[in-house]
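In the UniProt record's numbering, the protein residues as written are 1 to 382. Backbone N, C-alpha and C define an ideal beta-carbon position, used for all residues, glycine too.
1) By alpha-carbon positions, which one of 110, 43, 211 ends up nearest to residue 76?
2) Just the Cα atoms here: how many angstroms apart are residue 108 and residue 289?
3) For the beta strand (DSSP E) that residue 30 lies in, which residues bound it at each end?
4) What residues in its chain sit with their C-beta under 6 Å from that of residue 311, if we drop five residues either side in the sequence?
5) Applying the 10 Å Cβ sphere with the 16-neighbour rule, what's the burial state of residue 166?
6) What is the rounded straight-line gap between the Cα of residue 10 and the Cα of residue 242?
7) Who are the Cβ neighbours of residue 153 in its own chain at under 6 Å, not counting the five residues just before and after it?
8) Would you mind sorting residue 377 into buried or exposed? The rule is 16 or more other CB atoms within 10 Å of its CB.
9) Please list the segments of the beta strand (DSSP E) lying wholly inside the stretch 124 to 164, counting only runs of 3 or more residues, in order along the chain.
10) Can you give the beta carbon distance from residue 139 to residue 303, rounded, assuming they're within the 8 Å contact cut?
11) For residue 63, collect the residues of the same chain with a Cβ closer than 8 Å to its Cβ; drop the 5 residues on either side in sequence, then sort them by chain order.
12) Start and end of the alpha helix (DSSP H) containing residue 367?
13) Out of 330, 337, 18, point me to the one whose CA is closest to residue 129's CA.
14) If you run the structure through DSSP and keep just helix, strand and coil, what is residue 108?
15) Touch check for the stretch 114 to 123 and the stretch 25 to 44: three-plus C-beta pairs under 8 Å?
16) Can we say the stretch 86 to 105 touches the stretch 339 to 348, given the rule of at least three CB pairs closer than 8 Å?
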């Protein structure tokens, strides 16, 4: 099922067009003021700011639950709630509009059924119907078993905190990511068992110039990045992945991805890094950020994170995702749903039966709720 959101400024109203295979197109409407947009976005930004401070992180978790309930109440008209209850679906694709792109739609919470949409549905997003149709048309060309893994590119490099995360803190921090190595090793083993040809750019091998050349010169069906990435709120086109040149950290900006890289074929991309899913909008509902840069470069689908993720749960979620997607041959959206469900179940169980994720054992949504997929839900390797 596809839900395509359109917003009318003049009417201060949402129109939601629904498309379901074998059924007529239907639509719902919902009054929604521009101040509602502003309030939801400000609430989300406040939560992300809390996420950065250890002493406030529990409040961020609580506020995410509250936001999920608000999204259900404000974005889902009563008639649509009834329709979904009477016409159960497994796969759900949402085409957001304007600020909705930046909101955690996967955390929409149905208070009656006590469930989050990102766990209930094999849920995906699309920028618009045109990009979705193009991806569907290209899907059959993506069966080559070839992968690129970029892992911990900034090992043994230090950088002032404010150059990476902003603010005034000039303390130098180490950019190495031990869990990225574990994550990539697990993915490598799963792909290798299934016969994939793999190029691994790990640590000092992951230089910016080499990454760009390899992406332009080789055909991949899967590209996995495990490293640092930052969303620039002031100028989303300057959001970046952090790579290296020699012993120096180097940024690969969103606008460079679109201009310097042209994928051969139609790869599926997993950006396992903090804030890769940062998206902003400008006049005309033009969505910008790392995700859009990858789409313009030619990806079939992309999994991104909407906020800074945790090492332990990120490694586990990606491992479970690839196990389901590659080894069990589940459709991509379902494989991601199962990975979210796994981490959710583990985190929830830890609250009563012991610590699973040692440093963040009081949390749940912050572990799995960041992951978003833009693309075709039914992609699979058969």
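Taking the structure as given:
1) The shortest Cα separation from residue 76 among 110, 43, 211 belongs to 110.
2) Looking at the two C-alpha atoms, the distance is approximately 23 Å.
3) Start and end: 26 to 31.
4) Excluding residues within five positions, the ones whose Cβ falls inside 6 Å are 179.
5) Result: exposed.
6) Distance between the alpha carbons of residue 10 and residue 242: 42 Å.
7) Taken in chain order, the residues that qualify are 206, 227, 243, 244.
8) Burial state of residue 377 is buried, judged by a 10 Å Cβ sphere holding 16 or more other Cβ atoms.
9) Within the stretch 124 to 164, the complete beta strand (DSSP E) runs of at least 3 residues are 146 to 151, 158 to 160.
10) Going by Cβ atoms, the distance from residue 139 to residue 303 rounds to 16 Å, so no, they are not a contact pair.
11) Correct list, in chain order: 43, 46, 47, 50.
12) For residue 367, the uninterrupted alpha helix (DSSP H) run begins and ends at 365 to 368, by DSSP.
13) Of 330, 337, 18, the smallest CA-CA separation from residue 129 is found for 18.
14) DSSP, read as helix, strand or coil, puts residue 108 in coil.
15) A contact is defined here as three or more CB-CB pairs under 8 Å, and the stretch 114 to 123 fails this definition with respect to the stretch 25 to 44.
16) Too few Cβ pairs lie closer than 8 Å, so no.
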